[in-house]
Each structure stands twice: as structure tokens, then as C-alpha cells.
Amino acid sequence: MSSKAKCLDEETVQLLKFASWATSAGQADWYVIQTVNPGFAGDYSDFSCFLVFKNEVRANTEDWSALGMHGNISGPIVIEGKFNIDRMIGSRGEGKRSNDETIIPYHLLFTSACWIGISLASIDVAKKHVTHKAHANVGMRVCDYPSVQDLFGEAVCDVNSVRCQGILLADAMDKETNNNDWRLHEDKAFVARQVVSDVTDKMLHACGGTGYKTHLGIERLLRDGKAGWVIGALQ
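To convert, note that position 29 of the sequence shown is 29 in full-length UniProt numbering; the numbers rise steadily by one, no gaps.
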């Protein structure tokens, strides 16, 4: 955790935070950052959370132009400045507890739902294309080819398995936390990110060259899915 925090007075804290961010949707309106606690004494588990806004974050996107991801924030960001103490979320030193019991489990579960949604959207877009696109020379639609049907079959199976896993985990959260053991959510998020990458790939292949045209919408879903997979290994 590359950060520093110092209380200047009872109402003001000075923060310095270096971090990274990956998204294909541009800069967020606000961020929740984690820094070492003001008065840091060497214990890196003693940290606090702060709210910062878009205009308080320094980031650079000029180096990125791949896969149409011109507006993403994939790289280092810096937060530096003086902030009112009311920007602190919760009490001082509560960052670890809120992180382990609230932020991480809900973030992993809900972002997994996003990847599932992108996967389903890519299937819908590709399905519309392959059922309307015909190869006149053989008198077949693209969806009539067994290889294309196999792509869809595998994709639907993968997505539905992850959807079921998410439902079971959410139901388990409602019933019991097992002493705040959230390790299953980490596996859930990793699998969902892997699936969204694989499924959007398959749907792009199913659409052929037309898939690269922006009006179809599959390439946007592809790069959103890839953004999720990029951060999968880091979390």
C-alpha cells in the first residue's frame, strides 16, 4: 500500500496515495481509497478509508489506444492534497474491518454480476447476428453451422454455471457469514472474470468480421470483458 497520511489539525488530514486502476469506461466520479492510518507506526493492517472525487485524482490515459479503449484509466493514479477529516469513511483505523467485512465481499460479488451481465449481453448481440446473417452460396445461416452452435452451447453453460454460483453465494451471505470468511467470493470473482473473457471471445468469433464493426456492439462488450479479466489476476 503506497500511501502516507498525516493529521495537520483536528479538521484536516494530508494524504498521499499511489495506486492503479483498470477500466474501459473512463474516470469514475468518485473513489474510495485506502491509506495507512494517520500516525502510522509500522502496522500496515492499521489503515483508514477516504472519499475523493474525480477532480482530486491525477491520472494519464494518453498511452492507451488498444481495442478501442481510448477513454480508459488503466495505469497509475495519484491522490495528493489536504482533505477535511469528514472525508474519512468510518472511524480512524476501521479500514481493515470495513474492507474485510463489507467492501471486499460485496465488491467481488457485485462486480461478478457485472461480468455475467456483459457475457449475457454478448450472447444476445451475437445471437441476433448469426440468426440473420446468411451465406447464400451454401443456403445456410451462420447459426446453422455446428461449430457456431458449439460456441453458443459452451458459452451458455459457462455463464449459467457462474450465475448459479452467484445465487448460492448471495443466499449464503443472507443466512450465515461463517465468521466473516469471504474467501469464496475471491474465487467467485476470479471465475466470473475468466468466463466473461472467454464468452465475449467466443461471441466475437461467432460474428466473424462483422463483430469488429462498432454498430454491432460486440467489440464494446469484448473490451469491457477484457478490462475485468485484466484486474482478475491482481485480486
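The beta carbon of each residue, even a glycine, is placed where N, CA and C say it ideally should be.
{"Asked": "The region 122-141 touching the region 207-220, judged by at least three CB pairs closer than 8 Å", "Found": "yes"}
{"Asked": "Separation of Q14 from R92, as counted between CA atoms", "Found": "14 Å"}
{"Asked": "Whether C7 touches G42 by CB criterion (8 Å)", "Found": "no"}
{"Asked": "Cβ distance (whole Å) where I116 is taken to contact A170 below 8 Å", "Found": "Contact flag wrong, Cβ pair sits at about 12 Å."}
{"Asked": "C-beta contact flag for Q34 and A59 at 8 Å", "Found": "no"}
{"Asked": "Simplified DSSP assignment, three categories, for K82", "Found": "strand"}
{"Asked": "Contact check, F18 vs K96, beta carbons under 8 Å", "Found": "no"}
{"Asked": "Reference S45, options D100, K133, H205 and A227, closest by Cα", "Found": "D100"}
{"Asked": "Contiguous alpha helix (DSSP H) assignments of at least 4 residues, all confined to the region 127-185", "Found": "146-175"}
{"Asked": "Start and end residues, alpha helix (DSSP H) containing K213", "Found": "That residue, K213, is in no alpha helix (DSSP H); it is neither H nor E in DSSP."}
{"Asked": "8 Å contact criterion, which D158 and V125 should meet: CB distance rounded", "Found": "Rounded, the Cβ-Cβ distance is 17 Å, inconsistent with contact."}
{"Asked": "Nearest neighbour of G228, chosen from F53, L51 and L108 [CA to CA]", "Found": "L108"}
{"Asked": "According to DSSP, residues forming a beta bridge with W30", "Found": "F53"}
{"Asked": "Distance, G208 Cα to L222 Cα", "Found": "13 Å"}
{"Asked": "Rounded C-alpha distance that separates V196 from P146", "Found": "22 Å"}
{"Asked": "W21 vs F53 beta-carbon contact at 8 Å", "Found": "no"}
{"Asked": "For F152, the nearest candidate out of I167, S119, N55 and L168 (CA to CA)", "Found": "S119"}
{"Asked": "Helix, strand or coil at L222 according to DSSP, with G and I counted as helix", "Found": "helix"}
{"Asked": "For S20, the first and last residue of its enclosing beta strand (DSSP E)", "Found": "T12 to W21"}
{"Asked": "C-alpha gap between G81 and T111, whole angstroms", "Found": "30 Å"}
{"Asked": "G90 in three-state terms, based on DSSP", "Found": "coil"}
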